[in-house]
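Enquirer: The structure follows.
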């Protein structure tokens with residue numbers, strides 16, 4: 808098995824351990840900018856949930872090792888964005904400017 812096949816096998820193993828909704832959410836996050844209109848509207852249409860609930864589910868999902876295994880680049884990017892937003896909120900509360 809060469810390196811590309813190994814990576815492909817690992818991605819499929821990670822995807823197999825996620826629920827269908829989790830896989831759909833990761834796929835949506837990979838491509839949401841392709842949807843017409845606002846992301847919140849696309850979330851409501853595709854997943855039939857509020858944007859608040861969607862982000863709660865997404866945040867729990869990106870903490871799962873299976874999600875990291877399934878799509879490491881996407882999950883790491885989403886984790887970095889979340890951490891940056893948390894730092895900004897903390898700095899604002901403490902009166903700092905980042």
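Numbering (this note's numbering), first residue to last: 808 to 905. Don't be surprised by glycine CBs; every beta carbon is placed ideally from N, CA and C. This one's a predicted model, so the numbers in the text were calculated from it and none came from an experiment.
Determine whether the beta carbon atoms of residue 864 and residue 875 lie at a separation below 8 Å.
Expert: Going by C-beta atoms, residue 864 is not nearer than 8 Å to residue 875.
Enquirer: CB of residue 846 to nearest heavy atom of the ligand NAD: below 7 Å?
Expert: For the structure depicted, the ligand NAD is absent and the ligand set is empty, with no information on it obtainable.
Enquirer: Let me confirm a value: residue 813 is counted as buried when at least 16 other C-beta atoms fall within 10 Å, else exposed. Which label applies?
Expert: A caution first: residue 813 carries a pLDDT of 49, below 50, which makes its placement in the model unreliable, though a value can still be read off. Exposed.
Enquirer: Is the number of C-beta pairs between the region 882–894 and the region 844–852 that are closer than 8 Å three or more?
Expert: Contact fails: fewer than three Cβ-Cβ distances are below 8 Å.
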